[in-house]
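For the sequence shown, the positions run 1 to 66 when the UniProt record's numbering is used.
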Amino acid sequence: MYQTPEDRPIYRLLTGKDDRAFCERVSEALEQGWRLYGSPVISWDTAENCMKAAQAVVWHEADVVK
1 MYQTPEDRPI YRLLTGKDDR AFCERVSEAL EQGWRLYGSP VISWDTAENC
51 MKAAQAVVWH EADVVK
């Protein structure tokens, strides 16, 4: 089994308002050793009246098939 920071699952979906804070969360994950998995997705949130983003990441040691 792989040892991830804070014993997280090897796959994570980062989501949030499409802003600097979200980009910093993705950047922090990359610095910790996570790698991008697929393309980011953005969608307009009518309830919050803002753009939301999602980016999947996987632990760098994980053998994940796309």
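Backbone N, C-alpha and C fix where the C-beta goes; we use that ideal spot for every residue, glycine too.
Judging by CA-CA distance, which residue of the options is the nearest neighbour of residue i?
i     : options                    : result
GLY38 : SER27, VAL58 and GLU24     : VAL58
TRP44 : GLU6, ARG8, GLN3 and THR15 : THR15
GLU6  : GLY33, THR46 and ASP63     : GLY33
Pull up the CB-CB distance for residue i and residue j, whole angstroms please, since I reckon it's below 8 Å.
i     : j     : result
ALA56 : PHE22 : With a Cβ gap of about 14 Å, ALA56 and PHE22 do not count as contacting.
Between residue i and residue j, is the Cβ-Cβ spacing less than 7 Å?
i     : j     : result
ARG20 : HIS60 : no
Using a Cβ-Cβ cut-off of 8 Å (strictly less than) and excluding sequence neighbours within five positions of residue i, which residues of its own chain qualify?
i     : result
GLU48 : LYS17
If I measure Cβ to Cβ from residue i and keep anything under 6 Å in the same chain, skipping five residues before and after, which residues do I get?
i     : result
CYS50 : LYS17
Can you name, in chain order, every residue of its own chain whose Cβ lies under 7 Å from the Cβ of residue i, other than the five neighbours on each side?
i     : result
PRO40 : ALA53, ALA54 and GLN55
ILE10 : TYR2, THR4, VAL58, TRP59 and ALA62
Per DSSP, what are the beta-bridge partners of residue i in this structure?
i     : result
SER43 : LYS52
VAL58 : TYR11 and ARG35
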